[in-house]
Amino acid sequence: MGNRSCLLNSSMTDNSNQIVQHLWNFCNVLKDDGVSYGDYVEQLTYLLFLKMNDENDRSQGAESVLPSRLNWGSLVRLDGRKLERHYVDVLRRLGNEDGLVGMIFRKAQNRIQDTAKLKRLIGLIDAEDWSVMHMDVKGQIYEGLLEKNAEDVKSGAGQYFTPRPLIRAIVKVMDPTPKMTICDPACGTGGFFLAAHQHVIETYPGLSAAQKRHIRKDMFHGWEIVDNTARLCLMNLHLHGIGGSQQCPITVGDALIDKPRRTFDMVLTNPPFGKKSSMMFVNGNGKGDKDRLVYERDDFIAATSNKQLNFVQHVATLLRPNGRAAMVVPDNVLFEGGAAETIRRRLLQECDVHTLLRLPTGIFYANGVKANVLFFDRRPASNKPCTKKLWV
Numbered sequence: 001m002g003n004r005s006c007l008l009n010s011s012m013t014d015n016s017n018q019i020v021q022h023l024w025n026f027c028n029v030l031k032d033d034g035v036s037y038g039d040y041v042e043q044l045t046y047l048l049f050l051k052m053n054d055e056n057d058r059s060q061g062a063e064s065v066l067p068s069r070l071n072w073g074s075l076v077r078l079d080g081r082k083l084e085r086h087y088v089d090v091l092r093r094l095g096n097e098d099g100l101v102g103m104i105f106r107k108a109q110n111r112i113q114d115t116a117k118l119k120r121l122i123g124l125i126d127a128e129d130w131s132v133m134h135m136d137v138k139g140q141i142y143e144g145l146l147e148k149n150a151e152d153v154k155s156g157a158g159q160y161f162t163p164r165p166l167i168r169a170i171v172k173v174m175d176p177t178p179k180m181t182i183c184d185p186a187c188g189t190g191g192f193f194l195a196a197h198q199h200v201i202e203t204y205p206g207l208s209a210a211q212k213r214h215i216r217k218d219m220f221h222g223w224e225i226v227d228n229t230a231r232l233c234l235m236n237l238h239l240h241g242i243g244g245s246q247q248c249p250i251t252v253g254d255a256l257i258d259k260p261r262r263t264f265d266m267v268l269t270n271p272p273f274g275k276k277s278s279m280m281f282v283n284g285n286g287k288g289d290k291d292r293l294v295y296e297r298d299d300f301i302a303a304t305s306n307k308q309l310n311f312v313q314h315v316a317t318l319l320r321p322n323g324r325a326a327m328v329v330p331d332n333v334l335f336e337g338g339a340a341e342t343i344r345r346r347l348l349q350e351c352d353v354h355t356l357l358r359l360p361t362g363i364f365y366a367n368g369v370k371a372n373v374l375f376f377d378r379r380p381a382s383n384k385p386c387t388k389k390l391w392v
């Protein structure tokens, strides 16, 4: 049985790799026509969602989340200018829907101007039977496309693509359980969520119906400020069975602007690098900057426009007592004075900052950037410092 399982897993992996390569080869054709890799993956987001929803409707008797005239079948039977006009109309109308569908198609636009290539892409997707694939295979296909895109545009990939081996290592040591709530306030394409989901499913094979429902609907909560990246994340989560027609686990917007309305058991995140922000966050005692938008966060302990430091403060407020966090931070967060020192002192006071993992230089596609993973646990309020020892 073990050998048969290995063969099946190997076959599924080979199949997903072949599909990734097949779709990526066609991407090269589209690139010659002026469609960027990022735009290509975005268009796949729309079309894969429509195709898989159609398969669910037909093979599983699932209730459709799409109006009938906007589904996959309405695209397959058209070509030429009729296809282009209808596809544009489908994207516009679905962007006005509620819930997960509206978020995936929010501000969606057709980037494939050659109608013959659009028809060919629809044909490639239609030729595959996605419903018979294991969920991990569909995830591997989509993750493979994202990884290829990140490798091709390395200069900007670090904005949303955290190396998957690093994510898996962080999740393994954090060891999330089925009852937890997990947050990522800068979730990108959802890498931490997918790794945590896989870890829970593999570590706890006998999940109850209630636990499965919690994992699907309430375990994961994220924020992503970039529309296109949030769209990729939602589609990625959908491929892995996270969320639902009305449950949207991702908020599109800046997580730093508002004080958290709830706290979480675990925060896993790699906030964006880059010190300066167009926004200044003050805590009632700090002075604003006339050249920046000023937001007040009375739960922050230091006023600064450094978004990395603001994310450190924000993550601490997201944790409930005894909640645990793992976050990627650059060296300036650890060694700068001023606001950074104030924030570090308070973090050591209120949290058990127990582990610092130093990462190889350049791991986020940027030469010379030194990054770290900071692990800390929030403790109940106390007059005594919570941090006793830091393991580096």
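The numbering used here applies: residue 1 is where the sequence shown begins, and numbers increase by one.
Ideal Cβ placement from N, Cα and C applies to all residues, glycine included.
Small disclaimer: the values here were computed from a predicted structure and weren't measured.
Is residue i helix, strand or coil by DSSP?
| i | result |
| --- | --- |
| K290 | Because the pLDDT of K290 is 49, which lies under 50, any placement of that residue in the model is unreliable, and the number read from its coordinates should be weighed accordingly. It is coil, neither helix nor strand. |
| I112 | coil |
| V353 | strand |
| L234 | helix |
| T387 | coil |
| L359 | coil |
| A303 | coil |
| Y160 | Confidence at Y160 is low in this model, with a pLDDT of 47, below 50, so the placement of that residue should be treated as unreliable; the coordinate-derived value is given next. In the structure shown, Y160 sits in coil (DSSP, three-state: anything other than H, G, I, E or B). |
| L66 | coil |
| A371 | strand |
| A381 | coil |
| R92 | helix |
| V101 | helix |
| N71 | coil |
| C6 | Legend: pLDDT at C6 = 49, less than 50; position of this residue unreliable, no value from coordinates given. |
| D258 | coil |
| E42 | helix |
| D79 | coil |
| F335 | helix |
| R106 | coil |
| G123 | helix |
| H240 | coil |
| F393 | The displayed coordinates of the chain run from 1 to 392. Any statement about residue 393 would go beyond what the structure contains. |
| S59 | helix |
| V312 | helix |
| K154 | With a pLDDT of 49 at K154, under the threshold of 50, the modelled position of that residue is not reliable, and no figure is offered here. |
Starting from residue i, follow its DSSP beta bridges and name the residues at the other end.
| i | result |
| --- | --- |
| A325 | V267 and F376 |
| C183 | H221 and V267 |
| E128 | BP columns for E128 are empty, so no partner. |
| I250 | G222 |
| L319 | F264 |
| P330 | A371 |
Between the Cα of residue i and the Cα atoms of the options, which residue gives the shortest distance?
| i | options | result |
| --- | --- | --- |
| L44 | L124, H86, S68 and R216 | L124 |
| L256 | K172, P249 and F311 | F311 |
| T115 | L75, P178, K107 and G99 | L75 |
| G99 | L47, R111, A169 and P249 | P249 |
| L318 | L334, R379, Y40 and V373 | R379 |
| A108 | E202, H197, Y204 and N228 | N228 |
| L50 | H354, V173 and L94 | L94 |
| A302 | V353, T269, R345 and N332 | R345 |
| L390 | R92, E84, F376 and S59 | F376 |
| N383 | C27, C351, G38 and M235 | C351 |
| K117 | V101, E336 and D79 | D79 |
| R297 | P163, N332, T269 and P260 | P260 |
| I395 | Y87, L83, T162 and G38 | Only positions 1 to 392 of the chain appear in the structure, and residue 395 is not among them; the question remains open. |
| V101 | M52, P178, T387 and E341 | M52 |
State yes or no: is the C-beta of residue i nearer than 7 angstroms to some heavy atom of the ligand ATP?
| i | result |
| --- | --- |
| Q21 | Absence of the ligand ATP is noted for the structure shown, with no ligands found whatsoever. |
If residue i and residue j are in contact, beta carbons under 8 angstroms, what's the gap, nearest whole angstrom?
| i | j | result |
| --- | --- | --- |
| D54 | W72 | 4 angstroms |
| P185 | F273 | In fact, because the Cβ distance is near 15 angstroms, the residues do not count as touching under 8 angstroms. |
| L66 | I122 | Their Cβ separation, rounded to whole angstroms, is 16 angstroms, which puts L66 and I122 out of contact at 8 angstroms. |
| G222 | C233 | 7 angstroms |
| Q308 | I343 | Actually they do not touch by this definition, with Cβ atoms about 10 angstroms apart. |
| T263 | R320 | 4 angstroms |
Report the residue ranges of all alpha helix (DSSP H) runs contained in full by the region 166 to 216; include only those spanning at least 4 residues, in chain order.
-> Correct list: 191 to 203.
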